[in-house]
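Trainee:
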Amino acid sequence: MASSSSSSSSSSSSVKVEYAKSNRSSCKVCSKTIESKTLRLGLVTKDPRGYEAVKWHHPSCFPVSSHHSSSPQRAIQGFSSLQVSDQEAVKKLLARHDKFLEKVDKETRGIENELQQIEASDSKKIKLCTSEAAVDINFSVSDAMSKYKDATLLPKWKAFQTVIFLELDDGLHDSSKIAAFDFDGCLAKTDVKIVGADAWSLMYPSIPDKLQSLYNDGFKLVIFTNESNIERWKNKRQVAVDSKIGRLNKFIENVKVPIQVFIACGVSKSSRGQAAVKEDDPFRKPKPGMWHFMKQHFNSGISIDMDQLFFPSILCSNDAISFYVGDAAGRGSDHSDADIKFAEAIGLKFYVPEDYF
């Protein structure tokens, strides 16, 4: 309290130092007696009538923020009458205040920089949302096929262009909050050289509980996964389809929560061993086509909350609303940057699985 009150009157206050003449004065901060002949610092103010009032403090209790000068000899009454050792103590007191001010100034600049980054991120996000709105995928129920090219799909699975999707999982609820995930290397540990519906295991033991918690909190769980083998394996397409869909079905059974799934089967221009294509498939990550498809046709028209006001050093909460988790983040050991680019193209908060799970 003393600090705030003195700060408000700093323009009309001065400081004096002396050795206490008796035991009658007490410190205005800690209320303890200031012993006779010990150093005390006083904050001198004038009331509206012009009378001076002195509030005495122990040196350790003195509100330094109420007064600061680089030349204490000139600014503090009685400074020259102090013993040299006490003069040094007063100087150190003000020096500590200098360091404190520097620290506060540095932290303030840091917060200002973070706020500027948030503003820039929000501006970028607005641009992303604007470009996203321009993508229009024409689709009707009659467009959903029970086969992907020459491969027959399992019940509840349908195909549209180069996407295979799980039409409806029991208990699935559309929501403004989307928790989206990659599959291979994120939710499931798989090997590209091994096929089969059982050729997978949980990537992390915490996954079932984590997904159940999200579902209970009102999130809609969605998997967006690339699987170009379905397109490339022309002579074994049914094997590729049964392997991928089989793994996803068994994963959903294992975690015991309803999940919506989209599989991008198309290829990219950089696919090795593939005949040249003019453009990347619009549904294959990092292209955001699967997200647009889900948002426009498989969320009951509910607006998705994309709020990303998230900065750990400023805010208390670390919960973005909708988010995406994937392992392809462009790091040295990653096979690509498709997942992080997918999240950026949409404007979603992004996590790598080892941090999220």
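For the sequence shown, the numbering used here gives the first residue as 328, with consecutive numbering after it. We treat Cβ as the ideally placed atom computed from N, Cα and C, and that holds for glycine.
Scan the stretch 536-589 and note each continuous beta strand (DSSP E) run of 3 residues or more that stays entirely inside, going in chain order.
Mentor: Counting whole runs of 3 or more residues, the stretch 536-589 contains the beta strand (DSSP E) stretches 547-553.
Trainee: In this structure, does DSSP put Ala347 in helix, strand or coil?
Mentor: Note: Ala347 maps to coil in three-state DSSP.
Trainee: Anyone know if the C-beta pair for Ala515 and Tyr651 falls short of 7 angstroms?
Mentor: Against a cut-off of 7 angstroms, the Cβ pair of Tyr651 and Ala515 comes out as no contact.
Trainee: My understanding is that Ile550 touches Ile505, with C-beta atoms under 8 angstroms, so please give their C-beta distance in whole angstroms.
Mentor: The pair is not a contact, with the Cβ atoms about 11 angstroms apart (cut-off 8 angstroms).
Trainee: Please go through the same chain and pick out, in chain order, the residues whose beta-carbon is closer than 8 angstroms to the beta-carbon of His624, but skip the five residues on each side of it.
Mentor: Once the five neighbours on either side are set aside, the close Cβ partners of His624 are Ile464 and Phe466.
Trainee: In the DSSP assignment, what are the bridge partners of Leu325?
Mentor: In the structure as shown, the chain begins at 328 and stops at 684. Residue 325 is therefore absent and cannot be evaluated.
Trainee: Helix, strand or coil: how does DSSP classify Met472 here?
Mentor: Correct three-state label for Met472: strand.
Trainee: Using 10 angstroms around the beta-carbon of Glu681, count the other beta-carbons present and answer buried if the total reaches 16, otherwise exposed.
Mentor: Label assigned to Glu681: exposed.
Trainee: Note down the Cα distance separating Ser331 from Ile648, rounded to an integer number of angstroms.
Mentor: Unreliable positioning characterises Ser331 in this predicted model, as indicated by a pLDDT of 42, which lies under 50. The coordinate reading is nonetheless provided below. C-alpha separation (whole angstroms): 39 angstroms.
Trainee: Which residue marks the beginning of the beta strand (DSSP E) containing Ala506, and which one marks its end?
Mentor: Where Ala506 is concerned, the enclosing beta strand (DSSP E) stretches over Ile505 to Phe508.
Trainee: In its own chain, which residues sit with a C-beta less than 7 angstroms from the C-beta of Tyr678, not counting the 5 before and 5 after it?
Mentor: The answer, listed in chain order, is Phe650 and Val652.
Trainee: Could you check if Thr310 is buried or exposed, using at least 16 other CB atoms within 10 Å of its CB as the buried criterion?
Mentor: This structure leaves residue 310 out entirely; the chain is present only between 328 and 684.
Trainee: Under 7 angstroms between the Cβ atoms of Ile572 and Leu675?
Mentor: Contact flag unset, no.
Trainee: How big is the Cα-Cα spacing for Gly523 and Gln565?
Mentor: If I take the Cα positions, the gap works out to 11 angstroms.
Trainee: Could you tell me if Glu580 is buried or exposed, where buried requires 16 or more neighbouring beta carbons within 10 angstroms of its beta carbon?
Mentor: Glu580 is exposed by the Cβ-count criterion.
Trainee: If you draw a straight line from the alpha carbon of Gly512 to that of Asp654, how long is it in whole angstroms?
Mentor: Looking at the two C-alpha atoms, the distance is approximately 6 angstroms.
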